[in-house]
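Those protein sequences? They're chains A and B, same order as listed.
Mind the numbering: the first sequence is residues 1 to 247 in the numbering used here, read in order.
Mind the numbering: the second sequence is residues 1 to 247 in the numbering used here, read in order.
Number of protein chains: 2
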Amino acid sequence: MGTRAELRRHDIFLRKLLSHSLLSDEDQDAIAALPHSYRHLEPNEYILREGDRSDTCPILWSGFAYRQKATEEGGRQIVALKIPGDPMDFQSMYVRTTDHNLQALTAVDLIVFALSDFERLIHTRPAIARAVIVDILIEASIGREWLLNMGRRNALARLAHLLCELHYRLLDTRTDGLDVSDVPMTQEQLADLLGLTPVHINRTLKELERRGAIARNGRRVRIGNLAQLRALADFTDTYLHRHNHAG
Amino acid sequence: MGTRAELRRHDIFLRKLLSHSLLSDEDQDAIAALPHSYRHLEPNEYILREGDRSDTCPILWSGFAYRQKATEEGGRQIVALKIPGDPMDFQSMYVRTTDHNLQALTAVDLIVFALSDFERLIHTRPAIARAVIVDILIEASIGREWLLNMGRRNALARLAHLLCELHYRLLDTRTDGLDVSDVPMTQEQLADLLGLTPVHINRTLKELERRGAIARNGRRVRIGNLAQLRALADFTDTYLHRHNHAG
DNA sequence: CGGTCTCTTGACCTCTGTCAAGTAGAGTGG
DNA sequence: CCACTCTACTTGACAGAGGTCAAGAGACCG
């Protein structure tokens with residue numbers, strides 16, 4: 001049942017969906033009323049592996065996670081980054097086998113729905129079905145921007161772009177907006193995100209700091225000057241389709 | 001009406017959908033019966049521009065097209081490649097503004113549905129709605145593989161990978177299967193596809209030819225040795241989700 | 001307080017980009 | 001059928017961004 005306590009749990013997921021789709025109170029209650037469980041994972045644990053068949057629909061409730069693929073030779077590439085509130089696997093409702101690995105970046109907590117329950121929800125509530133598709137499409141749009149980033153921007157712009165994206169995506173689900181962007185990634189993970197090497201990430205972070213675009217305190221990285229970072233990255237947020245309402 | 005002649009027109013689109021989804025005869029007839037028009041475009045003409053709002057649903061009937069984004073500084077990146085049979089823009093049904101450019105690579109012919117007609121079709125025929133989502137998800141999967149390609153493979157493997165992908169995707173809609181893959185792209189377009197420069201594409205093609213993986217005749221490029229090309233590219237076709245039926 | 005995992009830094013290397021000039025085809029017009 | 005032109009392709013010399021290797025310095029953890 002959609003009790004107040006339940007709603008609180010799903011808050012961040014709802015906020016994510018509402019950032020790009022319109023859902024009635026009934027829709028929101030229906031989501032909150034869906035049976036679910038919780039799951040905690042430590043950093044680097046797998047949520048889903050390439051080739052697997054899943055029967056759950058996990059939502060990221062706290063922490064960061066990512067989609068990842070690797071070449072034969074061991075080159076690893078992070079192909080999507082998920083933040084709190086993000087649904088992690090709608091794909092398994094429609095496609096037989098998983099084509100990538102889904103892995104925890106930090107320690108994470110998941111809300112886990114049964115795939116069959118979520119499918120039933122979609123069939124009875126068209127607005128939710130639509131929100132699911134919009135969410136899928138926005139992830140695809142982010143993927144396209146990443147392709148542009150990897151293909152046509154140098155290390156400095158690439159890193160700056162990622163930090164900008166993170167900043168704006170976090171804004172959309174956090175009500176305590178401000179700036180927040182404490183980057184929780186190791187330099188190796190940043191390298192896997194951007195198709196670079198850890199050593200070069202290190203050099204590039206140093207350069208961003210030298211220019212005053214970011215501030216660092218030990219291992220913590222924070223945005224120092226968003227405007228400058230945006231300029232360095234040639235960043236525009238249209239590809240995030242924020243506030244898409246009534247598409 | 002779904003006359004035999006109409007069905008013939010839509011054949012390649014249906015074949016594309018059937019390569020990953022199951023559609024009843026009624027579903028197929030419903031698609032063939034949908035009002036539509038045709039449109040011819042010359043190479044490089046725009047089908048849709050970033051920021052536009054579209055009210056049509058174009059299907060690629062002949063020729064090649066692509067999605068493209070550019071940085072401020074003029075760096076251009078092709079972020080998706082569309083071949084005959086591919087739907088080109090389901091996104092406009094769900095999302096307000098277009099986040100990339102859609103452009104003809106060769107001379108192309110399009111089948112054009114009204115967006116509102118296609119939306120109505122989806123609401124009355126769940127199997128078609130499902131096929132649309134599967135199609136969107138497969139494009140996203142291809143995007144992820146491209147990210148891996150750009151981030152973690154060198155020029156030789158990247159180019160080989162693209163050629164392999166093209167080969168298998170063309171197989172799925174052409175009944176006269178064989179090998180076919182006559183690459184219709186200029187070296188500049190290959191460069192924009194792979195995040196490289198035309199000069200380096202030239203060098204890399206030469207190297208692929210030297211190794212016997214491809215054959216060239218003037219400007220025409222053909223696959224010479226698929227097995228070798230696959231080996232060079234570390235290619236597996238799972239990400240294409242061919243024959244996904246009954247997901 | 002030893003062990004392990006990151007981060008940092010420097011020296012060196014290489015893949016890919018840049019620049020520039022030349023060649024080859026595909027049309028076009030005479 | 002032959003210039004003429006355009007565009008694409010080639011090729012070489014050189015430059016530079018980013019990769020590789022290796023060693024040392026901090027952090028964090030039991």
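Glycine included, each C-beta is placed from N, C-alpha and C at the ideal position.
Fair warning: this is a prediction, and the values are worked out from it, not measured in the lab.
Going by DSSP, which residues form a beta bridge with residue i?
| i | result |
| --- | --- |
| asparagine 101 of chain A | A:Gln68 |
| phenylalanine 113 of chain B | B:Cys57 |
| alanine 215 of chain A | A:Arg222 |
| histidine 40 of chain B | B:Asp109 |
| proline 87 of chain B | B:Ile59 |
| leucine 156 of chain B | Answer by DSSP bridge pairing: none, since leucine 156 of chain B is not bridged. |
| isoleucine 201 of chain B | According to DSSP, which records beta bridges pairwise, isoleucine 201 of chain B is partnered with nothing at all. |
| lysine 82 of chain A | A:Ala65 |
| glutamine 77 of chain B | B:Lys69 |
| tyrosine 46 of chain B | B:Gln103 |
| valine 183 of chain A | A:Val221 |
Residue i touches chain B at which residues, Cβ-Cβ below 7 Å?
| i | result |
| --- | --- |
| glycine 151 of chain A | Gln77, Met150 and Gly195 |
| arginine 174 of chain A | Near arginine 174 of chain A there are no residues of chain B at all, since even the closest Cβ is about 23 Å away, more than 7 Å. |
| serine 141 of chain A | Asp99 |
| arginine 230 of chain A | Near arginine 230 of chain A there are no residues of chain B at all, since even the closest Cβ is about 11 Å away, more than 7 Å. |
| glutamine 91 of chain A | Leu137 |
Can you pull the chain A residues whose beta carbon is under 9 Å from the beta carbon of residue i, in chain order?
| i | result |
| --- | --- |
| arginine 169 of chain B | Result: empty, since nearest Cβ-Cβ is about 15 Å, beyond 9 Å. |
| leucine 147 of chain B | Lys69, Gln77, Ile78, Val79, Ala80, Gly143, Trp146, Leu147, Met150 and Gly195 |
Measuring straight from C-alpha to C-alpha, what distance separates residue i and residue j?
| i | j | result |
| --- | --- | --- |
| histidine 10 of chain B | lysine 16 of chain B | 10 Å |
| isoleucine 128 of chain B | tyrosine 66 of chain B | 24 Å |
| threonine 238 of chain B | asparagine 217 of chain A | 43 Å |
| glutamate 139 of chain A | leucine 171 of chain B | 28 Å |
| aspartate 99 of chain A | glutamate 50 of chain A | 5 Å |
| arginine 203 of chain A | glutamine 187 of chain A | 10 Å |
| arginine 152 of chain A | leucine 232 of chain A | 13 Å |
| arginine 230 of chain A | alanine 215 of chain A | 15 Å |
| glycine 247 of chain B | glutamate 26 of chain B | With a pLDDT of 46 at glycine 247 of chain B, under the threshold of 50, the modelled position of that residue is not reliable, and the figure given next carries that caveat. Their Cα atoms are separated by approximately 20 Å. |
| isoleucine 83 of chain A | glutamate 209 of chain B | 45 Å |
| histidine 200 of chain A | glutamine 68 of chain B | 28 Å |
| glycine 143 of chain A | histidine 241 of chain A | 13 Å |
| isoleucine 223 of chain B | glutamate 145 of chain B | 21 Å |
| leucine 166 of chain A | phenylalanine 64 of chain A | 11 Å |
| phenylalanine 113 of chain A | arginine 125 of chain A | 16 Å |
| glycine 2 of chain A | glutamine 28 of chain A | Its pLDDT being 41, under 50, glycine 2 of chain A is placed unreliably in this model, and the value from its coordinates should be taken loosely. Each residue's alpha carbon lies about 9 Å from the other. |
| alanine 213 of chain B | leucine 48 of chain B | 36 Å |
| leucine 178 of chain A | histidine 161 of chain B | Low confidence applies to leucine 178 of chain A: its pLDDT is 46, below 50, so where it sits in the model is not reliable, and the reading given next is rough at best. Roughly 43 Å between the two C-alpha positions. |
| serine 141 of chain A | aspartate 234 of chain B | 26 Å |
| asparagine 244 of chain B | asparagine 244 of chain A | 31 Å |
| aspartate 117 of chain A | alanine 33 of chain A | 11 Å |
| arginine 211 of chain B | glutamine 228 of chain B | 9 Å |
| alanine 131 of chain A | leucine 14 of chain A | 10 Å |
| glutamate 207 of chain B | arginine 219 of chain B | 15 Å |
| threonine 236 of chain A | aspartate 52 of chain A | 36 Å |
| methionine 150 of chain A | threonine 71 of chain B | 12 Å |
| tyrosine 46 of chain B | tyrosine 46 of chain A | 42 Å |
| isoleucine 111 of chain B | leucine 105 of chain B | 16 Å |
| glutamate 42 of chain A | aspartate 86 of chain B | 41 Å |
So with CB distances below 8 Å, who are the chain A contacts of residue i?
| i | result |
| --- | --- |
| glutamine 103 of chain B | The premise fails here: glutamine 103 of chain B is roughly 14 Å from chain A at the closest Cβ pair, so nothing lies under 8 Å. |
| arginine 67 of chain B | Arg144 |
| tyrosine 46 of chain B | Chain A residues near tyrosine 46 of chain B: none, gap ~17 Å exceeds 8 Å. |
Assuming residue i and residue j form a contact by the criterion Cβ under 8 Å, report the distance between their Cβ atoms to the nearest whole angstrom.
| i | j | result |
| --- | --- | --- |
| leucine 148 of chain B | valine 79 of chain A | 7 Å |
| serine 54 of chain A | valine 108 of chain A | Not really, about 16 Å apart at Cβ, beyond 8 Å. |
| leucine 59 of chain B | methionine 93 of chain B | Checking the sequence shown, residue 59 of chain B turns out to be isoleucine, not leucine. That belief does not hold up - the Cβ atoms of isoleucine 59 of chain B and methionine 93 of chain B are roughly 14 Å apart, past 8 Å. |
| leucine 115 of chain B | cysteine 57 of chain B | 5 Å |
| leucine 196 of chain B | valine 221 of chain B | No, leucine 196 of chain B and valine 221 of chain B are not in contact; Cβ-Cβ is about 15 Å, not under 8 Å. |
| proline 184 of chain A | alanine 191 of chain A | Contact flag wrong, Cβ pair sits at about 15 Å. |
| threonine 173 of chain A | isoleucine 12 of chain A | 5 Å |
| glutamine 91 of chain A | asparagine 44 of chain A | The pair is not a contact, with the Cβ atoms about 22 Å apart (cut-off 8 Å). |
| leucine 81 of chain B | leucine 226 of chain B | Incorrect: roughly 19 Å between the Cβ atoms, too far for contact. |
Just to make sure I have the definition right: I need the residues of chain B whose C-beta is within less than 9 Å of the C-beta of residue i. Which are they?
| i | result |
| --- | --- |
| tyrosine 239 of chain A | Lys69, Asp99 and His100 |
Along chain A, in chain order, which residues have C-beta atoms closer than 7 Å to that of residue i?
| i | result |
| --- | --- |
| glutamate 72 of chain B | Asp234 |
| valine 134 of chain B | Tyr94 and Val95 |
| arginine 49 of chain B | By Cβ distance, chain A contributes nothing, its closest Cβ being about 13 Å from arginine 49 of chain B, past 7 Å. |
What does residue i reach in chain B if we use C-beta pairs closer than 8 Å?
| i | result |
| --- | --- |
| arginine 220 of chain A | Within chain B, no residue comes near arginine 220 of chain A; the closest Cβ sits about 25 Å away, beyond 8 Å. |
| asparagine 244 of chain A | Val95 and Arg96 |
Using 8 Å as the threshold, is the segment 71 to 81 of chain B in touch with the segment 115 to 122 of chain A, meaning 3 or more CB pairs across them?
-> no
Is the segment 16 to 30 of chain B touching the segment 134 to 147 of chain B, taking contact as three or more C-beta pairs under 8 Å?
-> yes
Three or more C-beta pairs below 8 Å linking the segment 36 to 48 of chain A and the segment 156 to 165 of chain A | no
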